[in-house]
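With full-length UniProt numbering applied, the sequence shown covers 1 to 243. Heads up, the beta-carbon is just placed ideally off N, CA and C, and yes, glycines get one too. Keep in mind that this is a model prediction, so the values were computed, not measured.
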Amino acid sequence: MGGNTILQQRLGKGKNIYKVPDFYSIGEFYFRPLDEKEMKDKVKGIVVDIIKDKVHYAPIAKIKFETGETILVPAVEGLYVGKEIYAGVNAPVENGNILPLKVIPDGSSVCMVEISPGDGGKIARTSGTSCILVQKTDKYAILKLPSGKTKMVNLYSRAIFGIVAGGGRTDKPFVKAGNKYYFKKAHHRNWPISKPTARNAADHPLGGKHKRNKGGMTPLPKHGYPIKYGKYGSRRTGRKKAI
């Protein structure tokens with residue numbers, strides 16, 4: 001293959017700086033399998049440990065149920081080792097319990113929400129996040145996501161009552177570039193990234209020379225060059241003429 005290798009091609013190689021380090025994780029977040037006992041009554045469990053690993057930002061709660069299953073879920077605020085956890089339609093509405101959205105009051109904060117019943121929990125799982133249960137219809141529950149958008153999910157989807165712990169994680173500044181470096185290295189992020197005007201001429205269309213301010217660039221056509229950067233696809237160019 002001729003020419004320079006572009007960034008997207010190097011990304012596809014799967015080198016360590018571009019791969020998510022899943023091998024550091026102690027396990028995957030997932031609810032216990034949805035069964036008849038949970039759909040008609042409740043299952044009792046206990047928090048046996050609270051763990052922190054390199055991959056997940058939120059602290060992890062390890063819960064063992066009386067039926068024998070052991071699951072890993074994000075720990076909510078107020079959770080502690082030895083706390084009893086209940087999962088099911090008849091579970092009390094308390095922090096850390098796993099309930100279907102149908103029995104949770106409107107206006108409550110929930111996390112690790114299932115999109116469809118039995119999928120294990122997909123929404124609001126990182127530290128400090130939660131969804132607000134806005135209202136319920138005959139078949140669906142309307143949630144306000146952390147992004148501010150609203151989403152309709154199945155009324156029988158399960159969720160953890162409460163807010164994921166570790167909400168102040170992003171408040172502490174890195175202070176030094178070295179701290180940021182080790183943070184990015186642990187998550188296999190490509191850092192630092194130099195700005196285009198500081199690169200060599202061969203590395204970017206805006207690189208080269210000592211002049212950092214490139215000023216206005218010539219707009220590129222929409223269907224022309226395979227590289228898109230800066231301004232392209234303009235409706236018009238030049239100054240408007242006075243009538």
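Looking only at C-alpha atoms, which of the options sits nearest to residue i?
i	options	result
R199	G207, I193, P192	G207
T197	N190, L79, P205	P205
T129	S194, P21, V81, G168	G168
I26	E94, K83, I98, I51	I51
K83	A58, V73, P92, I63	I63
D106	V81, L143, D119	L143
K40	P21, I60, L99	L99
Y57	T70, V48, V43, A75	A75
T237	T218, F65, A202	T218
E36	V20, D49, Y80, V89	V89
I115	E38, Y30, K172	Y30
N97	I160, T170, K209, Y182	I160
E38	A87, H188, V134	A87
Give the range of the beta strand (DSSP E) segment to which residue i is assigned.
i	result
E84	84-88
F161	158-161
N154	150-154
I60	60-65
S108	Counting along the chain, S108 falls outside any beta strand (DSSP E), and DSSP gives it neither H nor E.
Would DSSP call residue i helix, strand or coil?
i	result
V103	helix
D138	coil
Y232	strand
D41	coil
residue 282	Past the edges of the chain, shown from 1 to 243, lies residue 282, and the structure says nothing about it.
T126	coil
K70	According to the sequence as given, residue 70 is Thr; it is not Lys. Three-state result, T70: strand.
D119	coil
D203	coil
D35	coil
D22	helix
D53	coil
Straight-line CA distance for residue i to residue j?
i	j	result
S54	G68	Going by the sequence as given, residue 54 is Lys instead of Ser. Each residue's alpha carbon lies about 27 Å from the other.
residue 247	L220	No statement about residue 247 is possible, as the shown extent of the chain runs from 1 to 243 and does not include it.
I123	A91	21 Å
L72	V164	13 Å
N190	N179	15 Å
G166	P59	7 Å
I104	V93	7 Å
E77	P117	24 Å
I132	K151	10 Å
P146	G162	14 Å
P33	G120	8 Å
P192	S127	25 Å
Does residue i come within less than 7 Å of chain B when only Cβ atoms are used?
i	result
N95	Among the chains in the structure shown there is no chain B, since it carries only a single protein chain.
Compute the minimum distance between the beta carbon of residue i and the heavy atoms of the ligand FMN, and state whether it is under 6 Å.
i	result
K185	Inclusion of the ligand FMN in the displayed structure is not the case, the ligand content being empty and no account of it being possible.
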